[in-house]
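Notes follow once the structure below has been shown.
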Amino acid sequence: SSMFVFPHKLILKTCGTTTLLLGLRRLLRIAAVDAGFPFHNVPELKDENAMASPYRVFYSRKNFLFPDKQRGPHRSWNDEVKFLDNLFDGGSAYLVGKMNGDHWYLYITTPDTEITPPRTPNSEKESSSPTRPAKIPTGLMSSFPQIHTGEDYQDETLEILMTDLDVENAKQFYLSHASAVAREKIPALDETVDVFNNGTGPDGLQAPMTDIEQLTTEGHALGTVVSDACGLSEVYPSSKYPDARIDAYLFSPCGFSANAVIPAPVHADAEVNDDVKKTAGVAHYFTVHVTPEPNCSFASFETNVPGGQNGRETSEIVEHVVGIFKPGRFIITLFEAKGTGEFRNPDPFGLRKNRTEAIAGYKRVDRIVHQFEDYDLVFGFFERE
Amino acid sequence: STSTSEGAPLLTINHDVAADLDSSNAFEGPEKLLEVWFAPSPSALPAGANENGLLCVPSKTWEEMLQLVHCQVLSVVSSEHMDAYLLSE
Numbered sequence: 003s004s005m006f007v008f009p010h011k012l013i014l015k016t017c018g019t020t021t022l023l024l025g026l027r028r029l030l031r032i033a034a035v036d037a038g039f040p041f042h043n044v045p046e047l048k049d050e051n052a053m054a055s056p057y058r059v060f061y062s063r064k065n066f067l068f069p070d071k072q073r074g075p076h077r078s079w080n081d082e083v084k085f086l087d088n089l090f091d092g093g094s095a096y097l098v099g100k101m102n103g104d105h106w107y108l109y110i111t112t113p114d115t116e117i118t119p120p121r122t123p124n125s126e127k128e129s130s131s132p133t134r135p136a137k138i139p140t141g142l143m144s145s146f147p148q149i150h151t152g153e154d155y156q157d158e159t160l161e162i163l164m165t166d167l168d169v170e171n172a173k174q175f176y177l178s179h180a181s182a183v184a185r186e187k188i189p190a191l192d193e194t195v196d197v198f199n200n201g202t203g204p205d206g207l208q209a210p211m212t213d214i215e216q217l218t219t220e221g222h223a224l225g226t227v228v229s230d231a232c233g234l235s236e237v238y239p240s241s242k243y244p245d246a247r248i249d250a251y252l253f254s255p256c257g258f259s260a261n262a263v264i265p266a267p268v269h270a271d272a273e274v275n276d277d278v279k280k281t282a283g284v285a286h287y288f289t290v291h292v293t294p295e296p297n298c299s300f301a302s303f304e305t306n307v308p309g310g311q312n313g314r315e316t317s318e319i320v321e322h323v324v325g326i327f328k329p330g331r332f333i334i335t336l337f338e339a340k341g342t343g344e345f346r347n348p349d350p351f352g353l354r355k356n357r358t359e360a361i362a363g364y365k366r367v368d369r370i371v372h373q374f375e376d377y378d379l380v381f382g383f384f385e386r387e
Numbered sequence: 015s016t017s018t019s020e021g022a023p024l025l026t027i028n029h030d031v032a033a034d035l036d037s038s039n040a041f042e043g044p045e046k047l048l049e050v051w052f053a054p055s056p057s058a059l060p061a062g063a064n065e066n067g068l069l070c071v072p073s074k075t076w077e078e079m080l081q082l083v084h085c086q087v088l089s090v091v092s093s094e095h096m097d098a099y100l101l102s103e
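Residue numbers (our numbering), protein chains in the order written: chain D, 3 to 387; chain G, 15 to 103.
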């Protein structure tokens, strides 16, 4: 699971039986109380129900492998939609893909001139002033001049949701396998250990065995080993993204998670084009989560690095990531803001060209395009040939 | 905490949580993904909001929220424009 905090938005991604939506009210309250974002659902901030009014909300997920084991509002998509509809006005819920197969759910609110305020819990509805606030003060309005166009802000999110990972290949995400790889990487230290083991090291001191243990067992140390060994560190290579920073963790006995912060490339003015201008000063990320056990294997990859940046097209990123995890089937979603009015990336993975082999080794089964008010969504579903 | 160069992202590890994490019971990979925007862009924060927006919120405060979600913070990469939290689940 991961969380990304930007000045203007928060992304929270959690797996397993986590109860993500149960944190939403607290999130909205923190945004109002700690960060000073405007609230409209109660008259005063000291009211414990005060919650910031979001500019817009996205909530999405793939269908669960074991839905019956979920808790709280996550027991069904209908429950989740009800939970969100209770909190926001004007949300829209979609199911994209096969109902009797792999599919993807999406809940989205649209920005409007009245920021969609969250509602207070029903029990308070009678006692407090109307939950639907009066029109937001125009002053506030003027501080959102771009509320509709998003002109100056490019937003694109690619997600790859992979199931039925190749069993042999998935072994690299087990601690025992990674420890062996780590141990191979530190032969010199190994010898030193031998010397120290018999207590006769160069300076007669006993080396702290924990150093080696740490390097071959500690979650973050092994996470870095796995990132390098599986090829993840090369998705956005340090040669092109020198300031990128990967934070990876290998779970015990198995499982892997990684976040990467990828500062937008900064170019000399002469080279800046409109697209780059829009991303200057913006940080991008990718996040990966892997559950390698054969009976429930899954891996996800998500990034907001714009396709085509630094010469790597979306389809190349997809091929690289799919090559790492070798899934039996996978869903791709590409969500792109329409700021310029053009669908900037009309055919991110060769879907429109009817090429059955849009991604090497895989057959495209579904391609679905949704055009929302200010975002375009391309959904693709692929199966191994 | 480690950082490679001036201004580069800074990694902070929460060793208490990271040390004895066990994932034997993990079985559901597909995640729930929530994005909540409070402004159209970092340069369009509304009047009254902290100049750093959500980045001004201390980690501890987020950790309390994450308890409701049943997650803990393993580590954080902090950078000028974003903080990236790696979580336990």
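From the three backbone atoms N, C-alpha and C, an ideal C-beta is built for every residue, glycine too.
Interface annotation, Glu103 (chain G): in contact with chain D, CB-CB separation under 8 Å. Taking a C-beta distance under 8 Å as the contact criterion, Phe258 (chain D) and Val228 (chain D) qualify as a contact pair. Beyond the five residues adjoining it in sequence on each side, Ala250 (chain D) comes within less than 6 Å, by CB distance, of Gly225, Thr226, Ser229, Ala260 in the same chain, given in chain order. Here DSSP, grouped into helix, strand and coil, assigns Asp36 (chain G) to strand. Using a Cβ distance threshold of 8 Å, Pro239 (chain D) and Leu69 (chain G) do not count as a contacting pair. Listed in chain order, the beta strand (DSSP E) elements of length 3 or more contained wholly in the segment 40-98 of chain D are 58-64. A Cβ-Cβ distance of about 5 Å is found for the pair Val323 (chain D) and Phe303 (chain D), placing them in contact under the 8 Å criterion. Below 8 Å, enough C-beta pairs join the segment 35-48 of chain G and the segment 299-316 of chain D to call them touching: three or more. In the three-state reduction of the DSSP assignment, Ala184 (chain D) falls in the helix class. Proximity of chain D to Asp97 (chain G) at the Cβ level (cut-off 9 Å) is accounted for by Met5, Phe6, Val7, Phe8, Val263, in chain order.
At least one CB of chain G lies nearer than 8 Å to the CB of Phe253 (chain D). Three or more pairs of CB atoms, one per stretch, sit closer than 8 Å, so the segment 64-84 of chain G contacts the segment 19-26 of chain D. Burial of Phe288 (chain D) is indicated by the presence of at least 16 other C-beta atoms within 10 angstroms of its C-beta. Under the Cβ distance rule, Arg28 (chain D) counts among the residues neighbouring chain G, one pair being separated by less than 8 Å.
CA-to-CA, the gap between Tyr57 (chain D) and Pro54 (chain G) works out to about 7 Å. Between Tyr96 (chain D) and chain G, the shortest Cβ-Cβ separation is not below 8 Å.
Neighbours of Asp36 (chain G) across chain D, judged by C-beta separation under 7 Å: Ser254. With contact defined as three or more Cβ pairs closer than 8 Å, the segment 367-385 of chain D and the segment 327-337 of chain D are in contact. For Glu78 (chain G), the enclosing alpha helix (DSSP H) stretches over residues 73-83.
Ala33 (chain D) and Val91 (chain G) have their C-alpha atoms spaced approximately 21 Å apart. CA-to-CA, the gap between Ser102 (chain G) and Glu65 (chain G) works out to about 30 Å.
Contact annotation for Thr21 (chain D) against chain G: Leu82, Val83, His84 [CB-CB distance below 8 Å, chain order].
Taking 8 Å as the upper bound for CB-CB distance, Glu315 (chain D) and Ile361 (chain D) are not in contact here, some 12 Å apart.
Contact with chain G is absent for Thr112 (chain D), since none of that chain's Cβ atoms lies less than 8 Å from the residue's Cβ. The Cβ-Cβ distance between Cys256 (chain D) and Pro294 (chain D) falls below 8 Å. Judged by beta-carbon spacing, Val50 (chain G) lies within the 8 Å limit of Leu12 (chain D), meaning their Cβ atoms are closer than that value. When the five nearest sequence neighbours on each side are left out, the beta carbons in the same chain lying within less than 7 Å of the beta carbon of Leu86 (chain D) are those of Tyr61, Gly93, Tyr109, in order along the chain. In this structure, Val59 (chain D) lies away from Leu47 (chain D), with their beta-carbon atoms at least 8 Å apart.
Note that the C-beta distance between Asp104 (chain D) and Arg331 (chain D) is below 8 Å. Using beta-carbon distances, Glu77 (chain G) does not count as an interface residue toward chain D, since no partner is under 8 Å.
Inclusion of Leu167 (chain D) and Ile319 (chain D) in the CB contact set at 8 Å is not warranted, their separation being larger than that value.
Spanning the alpha carbons of His29 (chain G) and Leu88 (chain G) requires a straight line of approximately 7 Å. Excluding five sequence positions before and after Asp81 (chain D), the CB atoms of its chain that fall closer than 6 Å to its own CB belong to Pro75, given in chain order. Annotation for Gln86 (chain G): Val31, Ser102 place their beta carbon closer than 6 Å to its own, counting only its chain and skipping 5 residues before and after. Interface criterion met: the Cβ of Lys46 (chain G) is under 8 Å from a Cβ in chain D.
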